[in-house]
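Enquirer: For the sequence shown, position 65 (counting from the first letter as 1) is numbered 65 according to the UniProt record's numbering, and the numbering increases by one without interruption. Sharing a structure, written as structure tokens. Questions coming.
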Amino acid sequence: MKGFVAGRFTKKMLEMTSEIMRYNTGPECFPVLPGSHLKLSNPALEFAKSVCRVFALDPALAQEVQLLRRQLLAHIGAAREFDAAAVWRDPCASFVLPDVTCGFCNLCRDLDLCRDPAVLGEKEDRWRCLGCGHSLDKRGVEARLVAHAEALQARYQLQDLRCAQCRAVADRRLAPTCPCAGAFAGDLRPGDLRA
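Here it is, written out as structure tokens:
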């Protein structure tokens with residue numbers, strides 16, 4: 001396998017990345033799917049990172065994969081070997097709803113709403129229990145999602161304000177600054193609630 005990766009496979013990968021660079025050039029090549037959270041712009045770079053990531057799962061091929069990755073990045077020219085853009089990141093976020101129970105067979109399991117085939121699979125297989133095949137309660141799932149969003153909103157609204165300098169909790173209402181002259185800020189930022 002090492003000889004295959006170092007020889008024919010590397011040559012084929014260089015040809016394929018050249019073809020991708022020729023025909024697929026921009027961010028319009030990336031579909032926006034449930035869970036998409038990265039701004040992807042270079043299809044050849046993402047292809048190279050993904051293939052190298054898969055082959056890196058075999059520790060026996062580590063050296064060959066590292067060499068292949070280095071050659072592909074140099075060929076593409078979009079990122080150097082140790083750039084942040086050259087590091088593979090999972091393009092799909094995850095949102096796991098725990099303890100979704102089938103109303104027919106009482107099978108209880110966690111449901112990843114961005115990756116689970118029971119949610120994103122073929123049209124006739126969507127929202128079906130893996131145990132018995134009956135439909136899952138979509139209204140119940142929706143109600144739990146709304147309750148989760150409301151809990152996040154309440155958590156944000158009820159958070160304490162702290163001084164940015166001394167980290168003391170604000171004890172005076174509507175005071176713009178702390179007695180130490182530090183500005184007050186919440187423990188949570190709006191971006192923290194997106195996870």
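Where is the CB? At the ideal position from N, CA and C, for every residue including glycine.
With a 10 Å radius around its C-beta and 16 neighbouring C-beta atoms as the bar for buried, classify alanine 84 as buried or exposed.
Expert: In the sequence shown, the residue the question calls residue 84 occupies position 84. Counting Cβ neighbours within 10 Å, alanine 84 comes out exposed, since fewer than 16 surround it.
Enquirer: Assuming glutamate 64 contacts valine 5 under a Cβ cut-off of 8 Å, what Cβ separation, rounded to an integer in Å, is found between them?
Expert: By 1-based counting over the sequence shown, the position of residue 64 is 64. By 1-based counting over the sequence shown, the position of residue 5 is 5. 4 Å between Cβ atoms; contact.
Enquirer: Is the CB-CB distance between valine 100 and valine 141 below 8 Å?
Expert: Within the sequence shown, residue 100 is the residue found at index 100, counting from 1. Within the sequence shown, residue 141 is the residue found at index 141, counting from 1. In contact: valine 100 and valine 141 (Cβ atoms closer than 8 Å).
Enquirer: Do you know how far the Cα of asparagine 42 is from the Cα of alanine 74?
Expert: By 1-based counting over the sequence shown, the position of residue 74 is 74. By 1-based counting over the sequence shown, the position of residue 42 is 42. Approximately 14 Å, taken between the alpha carbons.
Enquirer: Measure the alpha-carbon distance for leucine 193 versus glycine 77 and round it to whole angstroms.
Expert: Reading the sequence shown from its first residue, position 193 is the one you call residue 193. Reading the sequence shown from its first residue, position 77 is the one you call residue 77. Computed Cα separation, rounded: 36 Å.
Enquirer: Should valine 51 be labelled buried (16 or more other beta-carbon atoms within 10 Å of its own) or exposed?
Expert: Position 51 of the sequence shown, counting from 1, holds the residue named residue 51. Classification of valine 51: buried, given that the 10 Å Cβ count is 16 or more.
Enquirer: Leaving out the 5 sequence neighbours to the left and right, which residues in its chain are closer than 6 Å to lysine 2 when beta-carbon positions are compared?
Expert: Taking the first residue of the sequence shown as 1, we reach residue 2 at position 2. The residues are Glu64.
Enquirer: Look at arginine 162 and alanine 154 and say whether their C-beta atoms are less than 8 Å apart.
Expert: Residue numbering aside, residue 162 sits at position 162 when the sequence shown is read from its first letter. Residue numbering aside, residue 154 sits at position 154 when the sequence shown is read from its first letter. Against a cut-off of 8 Å, the Cβ pair of alanine 154 and arginine 162 comes out as no contact.
Enquirer: Since leucine 107 contacts glycine 133 with CB under 8 Å, what's their CB separation in whole angstroms?
Expert: Here residue 107 refers to the residue found at position 107 when the sequence shown is read from its first residue. Here residue 133 refers to the residue found at position 133 when the sequence shown is read from its first residue. Contact flag wrong, Cβ pair sits at about 11 Å.
Enquirer: What residues match up with leucine 68 in a beta bridge as DSSP calls it?
Expert: Residue mapping note: residue 68 aligns to position 68 of the sequence shown, counting from 1. Answer by DSSP bridge pairing: none, since leucine 68 is not bridged.
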